[in-house]
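Okay, structure first, notes after.
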Amino acid sequence: MPRLNSVDPLEEIPVRLPRGPFEPTWDSLKRYEVPQWYRDAKFGIFIHWGAYSVPAFGNEWYPRNMYIEGHPAYEYHLKTYGPHREFGYKDFIPMFTAEEWDPDEWARLFRRAGARYVVLVAEHHDGFALWDCSYTRWSAARMGPRRDVVRELAEAVRDQGLVFGVSYHRAEHWWFFEPGTRFDSDVRDPRFLDLYGPAKPASLDPFAPPSEENVPPDREFLVDWLLRALELVDKYRPQLFYFDWWINNPAFEPYLRFFAAYYYNRAEQWDVGVVINYKIRAFPEGAAVLTRERGTAADIEPRPWQVDTSVCKKSWGYIRDHDYKPVSWIIHDMVDVVSKNGCYLLNIAPRPDGTIPEEQRRILSDVGGWLSINGEAIYGARPWRVYGEGPTRVPTGQFTDVKRPQYTHRDVRFTVRRVYPYGDVLYATFMGWPEDGVLEIRSLGTGLGLLNAEVEFVELLGSREKLEWSLDETGLRVKLPGERPCQHAYTLKIVFKKPGAQQ
Numbered sequence: 001m002p003r004l005n006s007v008d009p010l011e012e013i014p015v016r017l018p019r020g021p022f023e024p025t026w027d028s029l030k031r032y033e034v035p036q037w038y039r040d041a042k043f044g045i046f047i048h049w050g051a052y053s054v055p056a057f058g059n060e061w062y063p064r065n066m067y068i069e070g071h072p073a074y075e076y077h078l079k080t081y082g083p084h085r086e087f088g089y090k091d092f093i094p095m096f097t098a099e100e101w102d103p104d105e106w107a108r109l110f111r112r113a114g115a116r117y118v119v120l121v122a123e124h125h126d127g128f129a130l131w132d133c134s135y136t137r138w139s140a141a142r143m144g145p146r147r148d149v150v151r152e153l154a155e156a157v158r159d160q161g162l163v164f165g166v167s168y169h170r171a172e173h174w175w176f177f178e179p180g181t182r183f184d185s186d187v188r189d190p191r192f193l194d195l196y197g198p199a200k201p202a203s204l205d206p207f208a209p210p211s212e213e214n215v216p217p218d219r220e221f222l223v224d225w226l227l228r229a230l231e232l233v234d235k236y237r238p239q240l241f242y243f244d245w246w247i248n249n250p251a252f253e254p255y256l257r258f259f260a261a262y263y264y265n266r267a268e269q270w271d272v273g274v275v276i277n278y279k280i281r282a283f284p285e286g287a288a289v290l291t292r293e294r295g296t297a298a299d300i301e302p303r304p305w306q307v308d309t310s311v312c313k314k315s316w317g318y319i320r321d322h323d324y325k326p327v328s329w330i331i332h333d334m335v336d337v338v339s340k341n342g343c344y345l346l347n348i349a350p351r352p353d354g355t356i357p358e359e360q361r362r363i364l365s366d367v368g369g370w371l372s373i374n375g376e377a378i379y380g381a382r383p384w385r386v387y388g389e390g391p392t393r394v395p396t397g398q399f400t401d402v403k404r405p406q407y408t409h410r411d412v413r414f415t416v417r418r419v420y421p422y423g424d425v426l427y428a429t430f431m432g433w434p435e436d437g438v439l440e441i442r443s444l445g446t447g448l449g450l451l452n453a454e455v456e457f458v459e460l461l462g463s464r465e466k467l468e469w470s471l472d473e474t475g476l477r478v479k480l481p482g483e484r485p486c487q488h489a490y491t492l493k494i495v496f497k498k499p500g501a502q503q
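And the structure:
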C-alpha cells in the first residue's frame, strides 16, 4: 500500500512517488514505450461481473437505471423487488454469491480461446470492489462471494501463462447513483452513503463546463479514487490497467499524471512491461494506449491501440436475453483491428454464480479453433503497407461495432511477420469463400509497387493442398482447394524468395 507523506509531490496528492525514470508530467510520461508482450498479444478477454449480474435486466447500468423514475429498469425493479427504499441495489450484493465460480476453469477456457491477456473489471461504476479493498467495506472479500476475486483470478490466469490486467471505473461513481437522491429510496439513507455516495449531479459528458447540474469531483473523492487505484497496482501487479471514459473530466488530470508515473515506475521495479488503456483524449498520444469502445480505426495507426467490445450487442454484464454477435462477426472485426495495428479485447458476461453461459463458451471455443489455424497471421503480427482492400465500407469511431455491413470474400486484410527461415512473410486474410473458388487480391499487383520481392510460394493456412496461383501487374489470383480448412475467414500465407514484404 502506498505510504502517505506530509510533503506531497504535486502539492495536493499525499502519496510518495516510487523511484524510477518517470515523473508526473506529460513530457516525462511521453517517454513510455508499449511493451512487446502487448504488441504481440493481439487478443484478450474482458470480464464484466458483479452484483449488477443478479437482476440480469437491461445491461450493467441497471444500478443507476433502477433509480431513474420511468425507466424500464425502474419499472422492472418496482414490480419484481418492491419499493426502492425497501430493496435497493445494496440488496443484490448478498445474491452475488459466486458459489459455482472456478477461476482455474475460467483461465483454462480463456487459454483455449486463444487469448493472451485477461482483464477483469475490478470495480465498475456501482462502487462494489472485487478485491480486498482497504478503503471500503463494500467489497467481494467482505460481502457477497466473500472472496478476493481479483487475487484468485490473477493467480489462475498467470498459472495458464496469460497476462493479467484490471479495469477500474470508479471515476463514474461520482454521479452514478444520483437519480436515487430524487425520490424516497435507500440512496438517501445515511447508513449506505459509503456505497451510494457521493451521488452528485454531473454530466455524462466529461468535457461539459461546471454548473449546478454538473458538479466536478472534489479533492476527497479524487484522492480516494487515486488510493484505490494504487492499491490495485501494489497488491496485484496487473500488467494492464484500463480506465473508462469519465477520467477525461479535467479534475482528474493531475491524478492521472501521478497514477501513470507511479504505475510505470512500479513496472520498472518489477521489470515487466505494463499498459494503461484510456479513451478519447484523457492521455496525450504516446503516454498510454488508446482504446476505442465498440469501434475501429479508419486506417493503420502509427501506435498500438485497442478495441474493447462484447460478445453481446446490448450489454457488457450478464442479462437473461443476450443478443449475441455471430462468431464470424467477431473474427472479422478482430482481423480488421489487427491489420490496423490494434489489439482486440472481447468481453464476456458470467452469471452471478460464476458460471459462463454456454453460448458464450461456444463463441470462445469457436474463436480459439479459428486462431489455432490462423493465429500466425494474428499473434506477433504487424501492419503491412496497406491494411487491406475490398468493397465494404466500415464505420469508424466508438459504438459502431454492429453498424457495418457484412464483409464479403472480396474484403481482405493484411499483416506481416518475420518468420524463420523466410524473413518477412505476408498474410492475406479474406472474410469469405468465393463461389467460383478463385481469390483475387488487387493490392498485390506488381504494377502497384507494394511488393518489392518475388513471390516464392502461396499456401492456405490449415490446408495441405498445393495451390495454383499467378501474379501479374493487376493482382494475385489463387485457385482455392475444394475443402475449406476452417470457417469464418481464410488466410493466405505469401512467402518471398528473399526478405521483402517489409512493414
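When we follow my numbering, the leftmost residue of the sequence shown carries the number 1, and every step to the right adds one.
The C-beta atom is built at its ideal place from N, Cα and C for all residues, glycine as well.
Alpha carbon of residue 299 to alpha carbon of residue 310, nearest angstrom: For residue 299 and residue 310, the distance between alpha carbons rounds to 22 Å.
query: Would you report the Cα separation of residue 390 and residue 122, rounded to the nearest angstrom?
result: Spanning the two alpha carbons is a distance of roughly 40 Å.
- prompt: What residues in its chain sit with their C-beta under 8 Å from that of residue 162, if we drop five residues either side in the sequence?
  reply: Result list for residue 162: 107, 110, 111, 115, 116, 117, 118, in chain order.
query: What separation, rounded to the nearest whole angstrom, lies between the Cα atoms of residue 482 and residue 460?
result: Going from the Cα of residue 482 to the Cα of residue 460 covers about 12 Å.
message: If I follow the unbroken beta strand (DSSP E) through residue 255, where does it start and stop?
response: No beta strand (DSSP E) holds residue 255; the alpha helix (DSSP H) holding it covers 253 to 270.
message: Can you find the residues in the same chain that come closer than 7 Å, C-beta to C-beta, to residue 468, ignoring five residues on each side of it along the sequence?
response: Here residue 468 has 479 as same chain residues with Cβ atoms under 7 Å from its own Cβ, once five neighbours each way along the sequence are excluded.
Range of the contiguous beta strand (DSSP E) that encloses residue 491: Its beta strand (DSSP E) spans residues 490 to 496.
- prompt: Can the beta-carbon of residue 98 be found less than 9 Å from the beta-carbon of residue 147?
  reply: The answer is yes: Cβ separation under 9 Å.
message: Just to confirm before moving on: does the CB-CB distance between residue 59 and residue 339 stay below 9 Å?
response: Going by C-beta atoms, residue 59 is not nearer than 9 Å to residue 339.
- prompt: For residue 417, which residues from the same chain have a beta carbon less than 6 Å from its beta carbon, with the 5 sequence-adjacent residues on both sides left out?
  reply: Only 380, 381, 425 meet the Cβ criterion.
field: Cβ-based neighbour list, residue 249, same chain, cut-off 6 Å, excluding 5 preceding and 5 following
entry: Apart from the 5 residues on each side of it in sequence, residue 249 sits with its Cβ closer than 6 Å to the Cβ of 206 in its chain, given in chain order.
task: Go ahead and pull the three-state DSSP assignment for residue 477.
output: Reduced to three states, the DSSP call for residue 477 is strand.
query: Across which residues does DSSP place residue 539 in a beta bridge pair?
result: This structure leaves residue 539 out entirely; the chain is present only between 1 and 503.
- prompt: Applying the criterion that 16 or more other CB atoms from any shown protein chain within 10 Å of the CB defines a buried residue, is residue 95 buried or exposed?
  reply: Exposed, by the Cβ-count rule.
query: If we count the other Cβ atoms within 10 Å of its Cβ and call it buried at 16 or more, is residue 267 buried or exposed?
result: Under a 10 Å Cβ-count criterion, residue 267 is classified as buried, with 16 or more other Cβ atoms of the shown protein chains found around its own Cβ.
field: For residue 274 and residue 35, believed in contact at Cβ under 8 Å, the rounded distance
entry: About 7 Å separates the two Cβ atoms, so the contact holds.
- prompt: Looking at the structure shown, is residue 324 part of a helix, part of a strand, or coil, going by DSSP?
  reply: Residue 324 falls in the strand class under three-state DSSP.
message: Distance check for residue 20 and residue 329, CA to CA, integer angstroms please.
response: Whole-angstrom Cα-Cα distance: 43 Å.
message: Please list the terminal residues of the continuous alpha helix (DSSP H) segment that includes residue 374.
response: Taken as a continuous stretch (DSSP letters only), the alpha helix (DSSP H) holding residue 374 covers 358 to 374.
message: With three or more beta-carbon pairs closer than 8 Å as the criterion, would you say the stretch 484 to 499 touches the stretch 451 to 459?
response: At 8 Å Cβ cutoff, the stretches touch.
message: Here's the rule: buried if 16 or more other CB atoms are within 10 angstroms of the residue's CB, otherwise exposed. What is residue 270?
response: Residue 270 should be labelled exposed.
- prompt: If you pair each beta-carbon of the stretch 366 to 376 with each one of the stretch 389 to 404, do three or more pairs fall below 8 Å?
  reply: The answer is no - the stretch 389 to 404 does not touch the stretch 366 to 376, with fewer than three Cβ pairs under 8 Å.
task: Jot down the residue ranges of each uninterrupted beta strand (DSSP E) in the stretch 150 to 180, minimum 3 residues, whole runs only, in chain order.
output: Counting whole runs of 3 or more residues, the stretch 150 to 180 contains the beta strand (DSSP E) stretches 163 to 168.
message: Taking DSSP's pairing of strands, which residues face residue 408 in a bridge?
response: Answer is none; residue 408 lacks a bridge partner.
message: For residue 70 and residue 64, what's the separation of their Cα atoms in angstroms?
response: So the alpha carbons of these two residues sit roughly 13 Å apart.
message: Let me make sure I understand the geometry here. Which of 484, 197, 447, 420 has the alpha-carbon closest to that of residue 438?
response: Selected option, being the one with the closest Cα: 484.
task: Would you be able to state if there are at least three C-beta pairs under 8 Å between the stretch 249 to 263 and the stretch 180 to 188?
output: In the pairwise beta carbon analysis, the stretch 180 to 188 is classified as not touching the stretch 249 to 263: fewer than three pairs are separated by under 8 Å.
- prompt: Hey, quick one: how far does the beta strand (DSSP E) through residue 241 stretch, first residue to last?
  reply: Looking at the DSSP string, the run of the beta strand (DSSP E) that includes residue 241 is 240 to 243.
message: Based on DSSP bridge pairs, tell me the residues matched to residue 417.
response: Partner(s): 425.
- prompt: DSSP state of residue 292, grouped into three classes?
  reply: Three-state result, residue 292: strand.
Residue span of the alpha helix (DSSP H) that contains residue 233, given as start and end: Element bounds for residue 233: 219 to 236.
- request: Note down the Cα distance separating residue 376 from residue 23, rounded to an integer number of angstroms.
  value: Each residue's alpha carbon lies about 38 Å from the other.
- request: Please report how far the alpha carbon of residue 318 lies from the alpha carbon of residue 447, in whole angstroms.
  value: Between the C-alpha atoms of residue 318 and residue 447 there is a straight-line separation of about 52 Å.
task: Examine the Cβ distances between the stretch 40 to 50 and the stretch 336 to 355 and report whether three or more of them are shorter than 8 Å.
output: Yes: at least three Cβ pairs fall under 8 Å.
- request: Look up residue 315 in the DSSP assignment and say whether it is helix, strand or coil.
  value: The three-state secondary structure of residue 315, taken from DSSP, is coil.
- request: At 4 residues or longer, and completely inside the stretch 324 to 349: list those alpha helix (DSSP H) runs for me, N to C.
  value: Runs found: 327 to 339.
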